[in-house]
Every structure is written in C-alpha cells, then in structure tokens.
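Enquirer: Here the sequence shown is numbered in this note's numbering, starting from 660 and rising by one per residue. All residues carry an ideal CB built from backbone N, CA and C; glycine is no exception. Bear in mind the structure is a predicted one, so any value in this text is a computation, not a measurement. Got a structure for you, written out below as structure tokens; questions coming shortly.
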Amino acid sequence: MISPEGGPAHERIRVACILLAAASLACDSKKPDGEAAAATAPAQAAPTGDVLFVEVARDVGIDFVHGNGAFGLKWLPETMGSGCAFVDVDADGDADALLLSGSDWPGHETPGRDVSALYRNDRGRFTEVTAEAGLDAAFFAMGVAAGDMDSDGDEDLYLTALGPNRLYRNDGGRFVDVAARMGVDDPGFSSSAAFFDPDRDGDLDLVSLDYVEWTPETDLPCSLDGVTKSYCTPESYQGATPRFYRNDGPRFSDMTQQKGFGASTKGLGVVVADFDGDRRDDVFIANDTEPNALLHQEADGSFVNVAVLAGVAFDDAGHARGAMGVDVGDWMLAGRPGLVIGNFSNEMISLYENEGNGRFRDRSPESGVGLASLRTLAFGTFFFDYDLDGFLDIFVANGHLEKDIQAVQPELQYAQAPHLFRNLGGGRFEDVAPKCPAFTEALVARGAAFGDFDGDLDLDILVNSVGDRARLFRNDSADGRRALRVRLVGGSGSNRDGFGSEVRVRAGGREQVAWPHSGGSYASQSESVLTFGLGVAPVADEVSVLWPSGKRSVLSAVPAGTTLVVRESEAAAE
660 MISPEGGPAH
670 ERIRVACILL
680 AAASLACDSK
690 KPDGEAAAAT
700 APAQAAPTGD
710 VLFVEVARDV
720 GIDFVHGNGA
730 FGLKWLPETM
740 GSGCAFVDVD
750 ADGDADALLL
760 SGSDWPGHET
770 PGRDVSALYR
780 NDRGRFTEVT
790 AEAGLDAAFF
800 AMGVAAGDMD
810 SDGDEDLYLT
820 ALGPNRLYRN
830 DGGRFVDVAA
840 RMGVDDPGFS
850 SSAAFFDPDR
860 DGDLDLVSLD
870 YVEWTPETDL
880 PCSLDGVTKS
890 YCTPESYQGA
900 TPRFYRNDGP
910 RFSDMTQQKG
920 FGASTKGLGV
930 VVADFDGDRR
940 DDVFIANDTE
950 PNALLHQEAD
960 GSFVNVAVLA
970 GVAFDDAGHA
980 RGAMGVDVGD
990 WMLAGRPGLV
1000 IGNFSNEMIS
1010 LYENEGNGRF
1020 RDRSPESGVG
1030 LASLRTLAFG
1040 TFFFDYDLDG
1050 FLDIFVANGH
1060 LEKDIQAVQP
1070 ELQYAQAPHL
1080 FRNLGGGRFE
1090 DVAPKCPAFT
1100 EALVARGAAF
1110 GDFDGDLDLD
1120 ILVNSVGDRA
1130 RLFRNDSADG
1140 RRALRVRLVG
1150 GSGSNRDGFG
1160 SEVRVRAGGR
1170 EQVAWPHSGG
1180 SYASQSESVL
1190 TFGLGVAPVA
1200 DEVSVLWPSG
1210 KRSVLSAVPA
1220 GTTLVVRESE
1230 AAAE
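Take a look at the structure:
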C-alpha cells in the first residue's frame, strides 16, 4: 500500500522509473539472442475468437450485496473486503457459491448485509440456503478455505474473520461450527487460509494468515491530504503471525512455532505447492509491504523461509511490495509451478517463472502483464484457462482501498476494471479484458474465484466487491475448443481431496501439469476439480496422477468433453 508520506510526486517519479525499466526489459526480450531466445519461446497459443463473458448473477438467482459496516470512521477492515468460493457443499457435482460479508460494528447499524450467503447450485440456477445450511451467523468474515478435513466425503469450510475464525464441519450439507472445540478459533485479524497435507498422513492440516494487529481501540488517525481521515496503510500497524494447525483427529494442535511459522508477517494471500520437486509441500505467503515468504518444507517436517534465496521476497530493486492475492500454475508449460502475485497500485503484478533450480525469475516486465497492471490495485488473482487452448491465462480483480485516492493521485481510480491476461505462449500475455463489455465495468473488487457453475466444461468467474453486489461472469469464450475435467478422490494413503497430487495431461502434442490445492487468489477458494483445455484435440492421450502416497494412476485415450473421476483406491504402487 502507498504511504501518504510519500506523496503523489514521489509516486510519479517511481512509476516513471518502473516504466523505463520495463520498456528496456521488453526490448531486450525481443533481441535474437540464441539460446536465451529459444529458452523463452515454447509453443505459441493458437488465435482465439471473441472474449465473451456475460454477467449473470441476478439472472441465475444470486442477489448478494456485501456489507462492510462502514459508518464514517474508516476502520481498516472495512476496506479490505471479503472473499468468495465455488465449492460443492452438497456433493451433487454442481459448484455451489459462497459469498462472504462483513458485519455491523457494535452500536452502529448500517443498511448493508451482515451475514455471509451460501447459494445452492441446481444445474446452473442458484437458491440461497444460508439459514438451512447453518451458516447464518453474523460476524466480520474475511476469507474461506475448503477441504474434507475429516475424510467423510463432503467439503468442510474454514472461514477467517476479524476474530474469532470459524471451522464449519459439513454434516451432509448442514454445517456445524467446531472451531473452538477443535482449537482453530484464532481471535486475530485473519485473511486467507489453506488446507494441505504436508506430513502426508492422509488428513488435512491448516495454515491461516493473520494480517496486522488492529482493534477499534488501536485504530490510528491517518490522512492522505493532511486534513480528512483515510484508511491507514499496513506500515502503521504491527504485523501478525500466521498459524499452522496440525490435524490430530479429534482436534487440531497449534504447531506454529515448532514448524517454523512463527515469524511476524502481514499476510493476505497463501498458496501451497511443491515448488522444488522434492515431493514435499511448500507454502508461499504474499505479504503486504513486508517481504513475501516462501516456506520450504525440510525433511524433518519443519519449514524454513527461503524467499530471499529463491528471488520472490522483493521486487528487482529490493523493495517489498504490497502483495494481495496469489496463485500457482504451470503458465510456461515447463512442468514446474510458477507464481502470479497481485500487488498494490504503482507496482506491477509479479509473474514468476520457476527456473527449476530453487530460483524464480520475475517475467512481469517483458510479459505484457507488468505495464498493463501499474495503475491498478490487485486483490483476487488466479491462473485458469478461460479459452481452453491449453495455456494458463490470468484473471485479476482490482479496486483501490481509498475512495478519495484520485484527489491526491489523479492517475488512479477507486473503482477499477478487472484484467484478463490471455497467455499467448512464449512468456507473453495480452490483456483482453477491454475487448469484453462485461469486464469494462469498474468495481471495488476483492475476492475472486473460478468454477464451472453451468456444466458446460469451461470456467466462470465469481467476484465479491466492497459494499456492492456480487458479480458472476459466465464464460462463453471457448469457441469450439474442448476440455477435460479431472476430479480426484483420495483415500488409500492420501487425503480425500488429493491436495498435493501432481496431475499430467498429454494432448495435442503438449503436456500440461496441475496441482490441486486449497487457498489461492485473495481470501477465496476456487473449485477443486481441475479443468484442462485441450484445444481441438478430441482425446487426451494420457492422464497421469501421482498421489501424495506415491501411488500412480495412469489412464489412456480419455475423450474430451468429460469429467474424469480418478480414485486413488484404483491406483498402482510405484
């Protein structure tokens, strides 16, 4: 976030330097440089048809307006917004929608909503079932992670909050809050969370981020113009500590210090993947104005922060960015998990290529992502293949924190249109959002998630905005391209969701790799079913799943246009 003390002039100078550096890098990337040029020029994406998303939330039954409880004092949580999720809570194969809301402050009643909302999906139509599902408690909800923590076949929900957090056990579509009983009711100012199975014992552990140490009593008077109160930047507050909870069956044990999660951060986004191929899950934390953290899992199960050595802690000038959302994906088709990180305005989105040697390279300046994102403030951020051509694209939900930002920085806007970066191959992207009328509307967006809500095998987008109605963008962009969807069912050595698995799909002369995971984006959860774009290929030549247990499932000649359910119980031992 921008500190008011820096001032608009300081920011203009800084942006000019960024623009010059990015232009230089872009020119360098075009030089015919032998091996270097060849290394960054894999297969190119095929031309695409129209970029066609249609906003249909109210048309399909989602009439949700986020409440943030704002009553004029500009308390920090009000502007941070809330997340959302696509998750199949009733196990009927349809992606249900969860939209989180803030709540009123004690003694201050506002017109906005103060209860989150669950919408049941029935073949593309939604019905609100919040009360009957047991989720109608009023609290200041921030983020959501989904996973089958008790291996009973349905998805449980962990909701982060301006304390205490909730853990909702799913009992056949009816939820019961067991957070206090199970020891995960963190009372802090929490943001994002993720379920994962780092010890590979078959049950899901939990990492939950806390943002800063803030209460109404400790709120500080900050100002952009020296006169009126504004939302304070995170530099004004002490960072908080992320929590690591080990699943020990009847309850979770707080292993934060023992596992190496005890350092203070200002975490807003979290994602889990095996970044170095050692068959152990690592944790990436996107921090706001603090160095990002990459917690590498050691052989003894502890975690060590290697972000500086890996090149993902700072920008190229050695500055910590205002990082918000984050996701992991093989956007270079190199078989390794890369990263995308949404940052504050006047900072590029970070697009990291995993070079396979424990190091990452920020490709944002020359990729086309960097310059296009300098004036926007990114929250929900994720990889997905919107046009099903086999290349991962990037969606970014944008919106500033301060309604009056234009008064001190005229080049910035409070409400901002989203980005949709189409992957052109060869490390290059094009922002195609301006070509789609639905994406030209400016929003104060926060949480964003993807999922196939209408069953047509392409990926739709759910967006939650501060104090505004939710948007559901139906994807009609596939233009005849085909997809294969893969749903994992663990159970004979691995966690039931298959988190920590590696899924490879060979089709059309290319191999795609994906890693099912909880968390990602900002405070949100996308569906756990994997969607692979096959382009015009009629079949996937081979689908291979390497489970956390070490077992492997291999299937051949899988037709496009299907959802493949892969069960670990049918896998072969390696």
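#1: Short check: CB of Ala754 to CB of Phe1112, under 8 Å?
#2: Leaving aside the five residues before and after Ala932 along the sequence, list all residues of the same chain whose C-beta is less than 8 Å from its C-beta, in chain order.
#3: In the DSSP assignment, what residue or residues form a beta bridge with Ala754?
#4: Can you give me the C-alpha to C-alpha distance between Tyr890 and Asp974, rounded to a whole angstrom?
#5: In whole angstroms, what separates the C-alpha of Glu1227 from that of Ser1215?
#6: With a threshold of 8 Å on Cβ separation, who are the neighbours of Arg1146 within its own chain once the five nearest residues in sequence on each side are excluded?
#7: Suppose only complete runs of 3+ residues qualify. What are the beta strand (DSSP E) ranges in the region 1052-1113, listed by chain order?
#8: State buried or exposed for Asp811, treating a residue as buried only when at least 16 other CB atoms are found within 10 Å of its CB.
#9: Please state whether the Cβ-Cβ distance between Gly766 and Pro736 is less than 8 Å.
#10: Can you have a look at Val1164 and say buried or exposed, based on whether 16 or more other CB atoms are within 10 angstroms of its CB?
#11: When the Cα atoms are used, what is the spatial distance from Glu1170 to Gly994?
#12: Could you check how far apart the C-beta atoms of Phe712 and Ser1136 are, in whole angstroms? I think they sit under 8 Å.
#13: Below 8 Å between beta carbons: does that hold for Ala716 and Leu1131?
#14: Is the number of C-beta pairs between the region 914-923 and the region 875-889 that are closer than 8 Å three or more?
#15: Whole angstroms are fine: how far does the CA of Glu814 sit from the CA of Gly832?
#16: Buried or exposed for Ala1101, please, with buried defined as at least 16 other CB atoms from any protein chain shown within 10 angstroms of its CB.
#17: How about the region 1073-1085 and the region 1014-1023: do they share at least three Cβ pairs that are nearer than 8 Å?
#18: Starting from Thr874, trace the beta strand (DSSP E) both ways and give me its first and last residue.
#19: DSSP puts Leu1121 in a beta bridge; with which residues?
#20: Sort Gly1084, Met808 and Ala976 by Cα distance to Val967 and report the nearest one.
#21: Rounded to whole angstroms, what is the Cα-Cα separation between Glu1025 and Thr769?
#22: Report the three-state DSSP secondary structure of Val746 (helix, strand or coil).
#23: To which residues of the same chain is Arg1087 closer than 7 Å at the C-beta, ignoring the five residues directly before and after it?
#24: Is it true that the region 1203-1212 meets the region 1139-1156, where meeting means three or more beta-carbon pairs spaced less than 8 Å apart?
#25: Helix, strand or coil for Arg671? Go by DSSP, reduced to three states.
#26: Here's a check: name, in chain order, each residue in its chain whose Cβ is nearer than 8 Å to the Cβ of His978, leaving out the five neighbours to either side.
#27: Taking DSSP's pairing of strands, which residues face Asp986 in a bridge?
#28: Taking Pro1069 as the reference, give the member of Asn1082, Val835, Asp989 and Thr1035 with the closest Cα.
#29: Give the DSSP bridge partners of Ala776, in chain order.
#30: How far does the alpha helix (DSSP H) with Gln917 in it reach, from first residue to last?
#31: Per the DSSP calculation, Asn906 is bridged to which residue(s)?
#32: Measuring only the C-alpha atoms, how far is Asp795 from Tyr1011?
#33: Taking Val963 as the reference, give the member of Gly919, Lys925 and Val724 with the closest Cα.
#34: Mind pulling the beta strand (DSSP E) runs of 3 or more residues that sit fully within the region 953-986?
#35: Do Ala800 and Ala776 have their C-beta atoms closer together than 8 Å?
#36: Could you spell out where the beta strand (DSSP E) holding Met1237 opens and where it closes?
Expert: This is what the structure gives:
#1: Residue mapping note: residue 754 aligns to position 95 of the sequence shown, counting from 1. Residue mapping note: residue 1112 aligns to position 453 of the sequence shown, counting from 1. In this structure, Phe1112 lies closer than 8 Å to Ala754 by Cβ.
#2: For the purposes of this step, residue 932 is taken as residue 273 along the sequence shown, with counting starting at 1. Once the five neighbours on either side are set aside, the close Cβ partners of Ala932 are Asp940, Asp941, Phe943, Val987, Pro996, Trp1174 and His1176.
#3: Here residue 754 corresponds to residue number 95 of the sequence shown, with the count starting at 1. The partner list for Ala754 (beta bridge, DSSP) is empty, contrary to what the question assumes.
#4: Residue mapping note: residue 890 aligns to position 231 of the sequence shown, counting from 1. Residue mapping note: residue 974 aligns to position 315 of the sequence shown, counting from 1. Straight-line Cα distance between these residues: approximately 25 Å.
#5: Within the sequence shown, the letter at position 568 stands for residue 1227. Within the sequence shown, the letter at position 556 stands for residue 1215. In a straight line, the C-alpha of Glu1227 is about 16 Å away from that of Ser1215.
#6: Indexing the sequence shown from 1 puts residue 1146 at position 487. The answer, listed in chain order, is Ser1187, Val1188, Leu1189, Thr1222, Leu1223, Val1224 and Val1225.
#7: 1052-1057, 1078-1084, 1087-1090 and 1104-1110
#8: For the purposes of this step, residue 811 is identified with residue 152 of the sequence shown, where counting begins at 1. Classification of Asp811: exposed, given that the 10 Å Cβ count is below 16.
#9: Numbered from 1 along the sequence shown, position 107 holds the residue referred to as residue 766. Numbered from 1 along the sequence shown, position 77 holds the residue referred to as residue 736. No, the pair does not count as a contact, with Cβ atoms beyond the cut-off.
#10: As a first step, residue 1164 must be located in the sequence shown, where it is residue number 505. So Val1164 ends up on the buried side.
#11: Taking the first residue of the sequence shown as position 1, residue 1170 is located at position 511. Taking the first residue of the sequence shown as position 1, residue 994 is located at position 335. If you take the alpha carbons of Glu1170 and Gly994, they lie about 8 Å apart.
#12: In the sequence shown, counting from the first residue as 1, residue 712 sits at position 53. In the sequence shown, counting from the first residue as 1, residue 1136 sits at position 477. The pair is a contact, with the Cβ atoms about 7 Å apart (cut-off 8 Å).
#13: Taking the first residue of the sequence shown as position 1, residue 716 is located at position 57. Taking the first residue of the sequence shown as position 1, residue 1131 is located at position 472. Contact: yes.
#14: no
#15: Taking the sequence shown and counting its residues from 1, the one referred to as residue 832 is at position 173. Taking the sequence shown and counting its residues from 1, the one referred to as residue 814 is at position 155. Gly832 and Glu814: Cα-Cα distance of roughly 9 Å.
#16: What you label residue 1101 is simply residue 442 of the sequence shown in a count that begins at 1. Residue environment for Ala1101: exposed (fewer than 16 other C-beta atoms within 10 angstroms of its C-beta).
#17: no
#18: Counting from one through the sequence shown, the residue named residue 874 turns up at place 215. First-last for Thr874: undefined, no H or E at that position.
#19: What you label residue 1121 is simply residue 462 of the sequence shown in a count that begins at 1. DSSP lists Ala1108 and Leu1131 as partners of Leu1121.
#20: On the sequence shown, position 308 is the one that residue 967 refers to. It is Ala976.
#21: Within the sequence shown, the letter at position 366 stands for residue 1025. Within the sequence shown, the letter at position 110 stands for residue 769. Glu1025 and Thr769: Cα-Cα distance of roughly 46 Å.
#22: By one-based count along the sequence shown, residue 746 stands at place 87. Three-state result, Val746: strand.
#23: Translated into positions along the sequence shown, residue 1087 becomes position 428. Once the five neighbours on either side are set aside, the close Cβ partners of Arg1087 are Ser1026 and Gly1027.
#24: Using a C-beta cut-off of 8 Å, the region 1203-1212 makes contact with the region 1139-1156, since at least three inter-stretch Cβ pairs fall below that distance.
#25: Numbered from its first residue, the sequence shown carries residue 671 at position 12. Residue placement at Arg671 is poorly supported in this model, since its pLDDT is 33, which falls under 50; the coordinates are not used for a value here.
#26: Numbered from its first residue, the sequence shown carries residue 978 at position 319. Cβ neighbours of His978 beyond the five flanking positions: none.
#27: Indexing the sequence shown from 1 puts residue 986 at position 327. Beta-bridge pairing links Asp986 to Val999.
#28: As a working note, residue 1069 is residue 410 in the sequence shown. Looking at the Cα atoms, Thr1035 is the closest of the given residues.
#29: Position 117 of the sequence shown, counted from the first residue, corresponds to residue 776. Paired residue(s): Leu758.
#30: Numbered from 1 along the sequence shown, position 258 holds the residue referred to as residue 917. Counting along the chain, Gln917 sits inside the alpha helix (DSSP H) bounded by residues Thr915 to Lys918.
#31: Walking along the sequence shown from the start, residue 906 turns up at place 247. Paired residue(s): Phe911.
#32: Translated into positions along the sequence shown, residue 795 becomes position 136. Translated into positions along the sequence shown, residue 1011 becomes position 352. Rounded to whole angstroms, Asp795 to Tyr1011 spans 40 Å at the Cα level.
#33: As a position in the sequence shown, residue 963 is number 304, starting the count at 1. Among Gly919, Lys925 and Val724, the Cα nearest to that of Val963 belongs to Gly919.
#34: 962-964
#35: As a first step, residue 800 is located in the sequence shown; it is residue number 141 there, counting from the start. As a first step, residue 776 is located in the sequence shown; it is residue number 117 there, counting from the start. No, Cβ-Cβ distance for Ala800 and Ala776 is not below 8 Å.
#36: Missing from the structure shown is residue 1237; the chain here goes from 660 to 1233 and no further.
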